[in-house]
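Numbering (this note's numbering), first residue to last: 68 to 212.
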């Protein structure tokens, strides 16, 4: 499994929003500058999260975006599933996969199922708040984004 630029940037954007939640609505321009990400690229990511009820949007001079809920409510897996779709390491384990005719005789399926379990359990166990807390506690050295 390889996380795309869209997934990595989306996570950075949401961590930034979580970090600055006390400031209210945050402009994409501010996020782009702090994260060194193109504003145009962030504009392509935003609709995914607006549709998923992760963000609240406000237009106008004081406009921008903020998280729709507490940073402790959003896991890394939630965010990556929105941007990447499936986190499955092989196509036969994706949610709506066409059943593989070799599944019953596949000697390697247990390897992929185990990897899938580890990926999901790990990413399900990290929230945006955990990332913020690790930064405060360890100068941000626990999680690489």
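Beta carbons are placed, not taken as given, at the ideal position from N, Cα and C, and that holds for glycine.
>> Using the three-state DSSP reduction, which class does residue 133 fall into: helix, strand or coil?
In response: Annotated three-state conformation of residue 133 is strand, per DSSP.
>> On the criterion of 16 or more Cβ atoms from any shown chain inside 10 Å, does residue 194 qualify as buried, or is it exposed?
In response: Buried, because 16 or more other Cβ atoms sit within 10 Å of the Cβ of residue 194.
> So residue 196 and residue 138 are in contact, right, with Cβ under 8 angstroms, and what is the actual spacing, rounded?
Replying inline: About 4 angstroms separates the Cβ atoms of residue 196 and residue 138, confirming a contact at the 8 angstroms cut-off.
> Under a three-way DSSP split, which group does residue 154 fall into?
Replying inline: Coil at residue 154, not helix or strand.
>> Within 8 angstroms of any Cβ in chain C, is that where the Cβ of residue 149 sits?
In response: Of the protein chains in this structure there is only one, and it is not chain C.
> If you draw a straight line from the alpha carbon of residue 135 to that of residue 168, how long is it in whole angstroms?
Replying inline: Between residue 135 and residue 168, the C-alpha separation is close to 43 angstroms.
> Could you give the distance in angstroms between the alpha-carbon of residue 204 and the alpha-carbon of residue 96?
Replying inline: Going by the C-alpha atoms only, they are around 28 angstroms apart.
> Taking C-alpha atoms, which residue in 119, 115, 114, 76 lies nearest to residue 98?
Replying inline: The residue from 119, 115, 114, 76 with its alpha-carbon nearest to that of residue 98 is 76.
>> At a cut-off of 7 angstroms, would you count residue 149 as near the ligand MG, judging by its Cβ distance to the nearest heavy atom?
In response: Among the components of this structure there are no ligands whatsoever, and the ligand MG is therefore not found.
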